[in-house]
Amino acid sequence: MSPARASPLPQVAVVGFPNVGKSTLVNRLAGGREAVVHADAGVTRDRKAIETEWNRVRFELVDTGGADLAAGDSLSVAVTDQARAAIADADAVVLVVDARAGLRAGDAELAALLRRADVAVIVVANKVDGPADVHLAAEFHKLGLGDPEPVSAAHGHGTGDLLDRIAELVAGRERAPDDDDAIGLAIIGRPNVGKSSLLNAFLGTGRVIVSEEAGTTRDAIDAAAEVEGRRVTLIDTAGLRRRWKVAGTVAYYAQLRSESAASRADVAIVVCDASEGLTSEDLRVAELAMRSRCATLVALNKWDIGETDLEDARARLEQRTRMRPAIVVCSAKTGRGVPELLRRAVALADRRAERIPTPELNRFLADVVATTPPPARRGGRRLRLYYIAQIETSPPRFAVQVNDRRLISREWAFHLENRLRDVYGLEGVPLIIDFVPRKRRQGITRRRAHAR
């Protein structure tokens, strides 16, 4: 797999020292709440791109974690490296500083880095909440990056002028879009099972931060790549916990974004820790993917340090999930099984989008009824199935014409669904089957009425 540019839109990196209000500013400029914001410092870690538009100019704001060039701990270094990568990819940079805190050594270090970069920079003096505070921005002329823009991300003051400057810098830099829609692969799972390591293994780069600390990822991070000429969007997510366990914390907002990530993906790769086996929390995550109507594949990661009884894992999956997702063993650390996992995920997305010809489906239906007839119900009446057609894709939806919906038993409906999976390789793909009662033709009804 090769990394690719995520979007044809120009990118505007929003960088700065920790806790200067970068994510709040990004949300204000984008007109939403895409970036996680919390009173705690250091909430943002990986870089996250958010599309916005101003005066008919479209671009992406890339939120980054607080960059402290002097910090030496591994997590701070990784966050700073992500900010450096955002600057390297950017068409323009917004350097956010805290007007109330004044000019700090960390601001000057970042400014020196940006002066050496071949990119346009706008200095934004944030937390200028009223006219009486505007003078606070003057100090940041010392950074040597032009006139600072006084704004209040919290209240919106000055953000219109800032957007005018951004749009002027990036206008006309939009690249030609690719005609093919990218396949969305969401990497989901409980905390510390190796989701970010797996994404980096897919890409062959350190696109997202990996740490021994559980809960390092705090947002849904998109990364673009190509697989044998196919465009793929990989979505790394925060670890999924039960909501009541994280209520009121940073992890709660990260949880909401992880849950929504599955809803915009074609395939969810449910990552589990092979050294711990398939847990009840893993099964709950798989159920979440099923409710989101994306196809599902289970990855038993960390196979290099632990093994799981695969037959037992498959039996538990079949018992808890109707989609019967396949299990792939892999190790993000050693690379074992990673290409196979990615290949199968892309193939699963294709099966989710396939349309089965109607004549073939009706031959299939006749075979199912002949092999296992529906049981008789309601005084010996038996369900009759006349016709089947696929009416939607992604996920597949089928309409089956029947004589009476009330004659359908839950067990036989599940049998039909499972046979569809077996015959057409739809394990892990959500299926929707509508049983539609056959309507009598009006001519027959009128003749019977006339006979009376």
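Quick note on my numbering: the sequence shown kicks off at 3 and runs consecutively.
Yeah, the Cβ is synthetic: ideal placement off N, Cα and C, and Gly gets one too.
Which residues does DSSP pair with GLY18 in a beta bridge?
Along the sequence shown, one-based indexing puts residue 18 at 16. VAL98, per the DSSP bridge assignment.
Should ASN57 be labelled buried (16 or more other beta-carbon atoms within 10 Å of its own) or exposed?
To locate residue 57, count along the sequence shown from 1; it is residue 55. ASN57 comes out exposed.
Just the Cα atoms here: how many angstroms apart are SER411 and PRO377?
Taking the sequence shown and counting its residues from 1, the one referred to as residue 411 is at position 409. Taking the sequence shown and counting its residues from 1, the one referred to as residue 377 is at position 375. Answer to the nearest angstrom: the Cα atoms are 8 Å apart.
Select from PRO10, PHE61 and ASP311 the residue whose C-alpha is nearest the C-alpha of ALA32.
Residue numbering aside, residue 32 sits at position 30 when the sequence shown is read from its first letter. For the residues PRO10, PHE61 and ASP311, the minimum Cα distance to ALA32 belongs to PHE61.
Just to confirm, is the Cβ distance from LEU116 to LEU71 under 8 Å?
Walking along the sequence shown from the start, residue 116 turns up at place 114. Walking along the sequence shown from the start, residue 71 turns up at place 69. For LEU116 and LEU71, no; Cβs fall outside 8 Å.
Strand pairing of VAL172, partner residues [DSSP]
As a position in the sequence shown, residue 172 is number 170, starting the count at 1. Note: VAL172 sits in no beta bridge, so no partner.
In chain order, what are the residue ranges of uninterrupted beta strand (DSSP E) at least 3 long that sit wholly in the segment 57-97?
Listed in chain order, the beta strand (DSSP E) elements of length 3 or more contained wholly in the segment 57-97 are 59-65.
Beta-carbon separation (whole angstroms), ALA264 vs ALA226, contact threshold 8 Å
Numbered from its first residue, the sequence shown carries residue 264 at position 262. Numbered from its first residue, the sequence shown carries residue 226 at position 224. Actually they do not touch by this definition, with Cβ atoms about 19 Å apart.
Range of the contiguous alpha helix (DSSP H) that encloses THR26
Residue numbering aside, residue 26 sits at position 24 when the sequence shown is read from its first letter. It spans 24-32 - the alpha helix (DSSP H) in which THR26 sits, taken as one unbroken run.
Does PRO398 get closer than 8 Å to chain C when you measure Cβ to Cβ?
This model lacks chain C altogether; it includes just one protein chain.
Could you tell me which of HIS137, ALA90 and ALA276 sits nearest to ALA301, measuring between CA atoms?
On the sequence shown, position 299 is the one that residue 301 refers to. Of the candidates HIS137, ALA90 and ALA276, the one whose C-alpha sits nearest the C-alpha of ALA301 is ALA276.
At the level of alpha carbons, what is the spacing between ALA92 and ARG326?
Mapped onto the sequence shown, residue 92 falls at position 90. Mapped onto the sequence shown, residue 326 falls at position 324. When rounded, the distance between both Cα atoms is 43 Å.
Which same chain residues, not among the five before or five after ILE358, have their C-beta less than 7 Å away from its C-beta?
Numbered from its first residue, the sequence shown carries residue 358 at position 356. GLN392 and TYR426.
Between the CA atoms of GLU419 and ASP436 - distance to the nearest angstrom
To locate residue 436, count along the sequence shown from 1; it is residue 434. To locate residue 419, count along the sequence shown from 1; it is residue 417. The alpha-carbon atoms of ASP436 and GLU419 are separated by roughly 11 Å.
Residue burial classification, LEU138 (beta-carbon count within 10 angstroms, cutoff 16):
Position 136 of the sequence shown, counted from the start, is the residue given in the question as residue 138. LEU138 is buried by the Cβ-count criterion.
Counting beta carbon pairs with one atom in the segment 341-355 and one in the segment 305-317, are three or more of them shorter than 8 Å?
no
Among ASP75, GLU111, SER76 and LYS50, whose alpha-carbon lies nearest the alpha-carbon of PHE19?
Looking up residue 19 in the sequence shown gives position 17. Closest option to PHE19, Cα to Cα, is GLU111.
Look up ARG383 in the DSSP assignment and say whether it is helix, strand or coil.
Taking the sequence shown and counting its residues from 1, the one referred to as residue 383 is at position 381. The answer is strand: DSSP assigns ARG383 an E or B state.
Same chain, Cβ closer than 6 Å to ASP181, five either side skipped, listed in chain order:
Here residue 181 is taken as the residue at index 179 of the sequence shown, counted from 1. For ASP181, the predicted model reports a pLDDT of 44, less than 50, meaning its position is unreliable; a value from the coordinates is still stated below. Same-chain partners within the cutoff: there are none.
Chain-order list of residues whose beta-carbon lies under 8 Å from that of HIS157 (same chain, five-residue window excluded):
Residue numbering aside, residue 157 sits at position 155 when the sequence shown is read from its first letter. Within the same chain, HIS157 has close Cβ partners ASP131.
Simplified DSSP assignment, three categories, for THR54
Taking the first residue of the sequence shown as 1, we reach residue 54 at position 52. THR54: strand per DSSP, three-state reduction.
To which residues of the same chain is ALA173 closer than 7 Å at the C-beta, ignoring the five residues directly before and after it?
Numbered from 1 along the sequence shown, position 171 holds the residue referred to as residue 173. Only VAL59 meet the Cβ criterion.
From VAL22, GLY196, LEU387 and SER154, pick the residue whose C-alpha is nearest to that of VAL438; which is it?
Here residue 438 corresponds to residue number 436 of the sequence shown, with the count starting at 1. Selected option, being the one with the closest Cα: LEU387.
Rounded to whole angstroms, what is the Cα-Cα separation between GLY279 and GLU309?
The residue given as residue 279 occupies position 277 in the sequence shown. The residue given as residue 309 occupies position 307 in the sequence shown. C-alpha separation (whole angstroms): 8 Å.
What separation, rounded to the nearest whole angstrom, lies between the Cα atoms of GLU394 and GLU176?
On the sequence shown, position 392 is the one that residue 394 refers to. On the sequence shown, position 174 is the one that residue 176 refers to. One Cα belongs to GLU394, the other to GLU176, and the distance between them is close to 34 Å.
Going by DSSP in three states, LEU302 sits in which element: helix, strand or coil?
By one-based count along the sequence shown, residue 302 stands at place 300. Note: LEU302 maps to strand in three-state DSSP.
Determine the closest residue to ASN29 out of PRO12, VAL64 and ARG324, with distance taken between C-alpha atoms.
Within the sequence shown, numbered from 1, the residue matching residue 29 stands at position 27. Ranking the options by Cα distance to ASN29, first place goes to VAL64.
In or out: GLU151 buried (at least 16 other Cβ within 10 Å) or exposed?
The residue given as residue 151 occupies position 149 in the sequence shown. Residue burial annotation: GLU151 is buried, with at least 16 other C-beta atoms found within 10 angstroms of its C-beta.
Considering ARG118, what are the terminal residues of the alpha helix (DSSP H) in which it resides?
By 1-based counting over the sequence shown, the position of residue 118 is 116. From DSSP, the alpha helix (DSSP H) with ARG118 extends over 107-118.
In terms of residue numbering, what span does the beta strand (DSSP E) encompassing THR235 cover?
Numbered from its first residue, the sequence shown carries residue 235 at position 233. Run containing THR235: 232-238, per the beta strand (DSSP E) assignment.
Just to confirm, is the Cβ distance from GLN403 to ARG440 under 8 Å?
Residue numbering aside, residue 403 sits at position 401 when the sequence shown is read from its first letter. Residue numbering aside, residue 440 sits at position 438 when the sequence shown is read from its first letter. Yes, they are a contact pair.
Going straight from the alpha carbon of ASN194 to that of ASP224, what length do you get?
Sequence index remark: in the sequence shown, residue 194 carries index 192 (1-based). Sequence index remark: in the sequence shown, residue 224 carries index 222 (1-based). Distance from the CA atom of ASN194 to the CA atom of ASP224, rounded to whole angstroms, is 19 Å.
DSSP has VAL269 in a bridge; who is on the other side?
Along the sequence shown, one-based indexing puts residue 269 at 267. Answer by DSSP bridge pairing, in chain order: LEU187 and ALA297.
Terminal residues of the alpha helix (DSSP H) in which ALA317 lies:
The sequence position of residue 317 within the sequence shown is 315, counting from 1. Taken as a continuous stretch (DSSP letters only), the alpha helix (DSSP H) holding ALA317 covers 312-322.
DSSP beta-bridge partners for ILE358?
As a position in the sequence shown, residue 358 is number 356, starting the count at 1. By DSSP's assignment, ILE358 forms no beta bridge with any residue.
Figure out for me which residue from ARG233, THR235, ALA203 and MET292 has the closest Cα to the Cα of VAL340.
The count along the sequence shown starts at 1 and reaches residue 340 at position 338. Minimum Cα distance to VAL340 is reached at ALA203.
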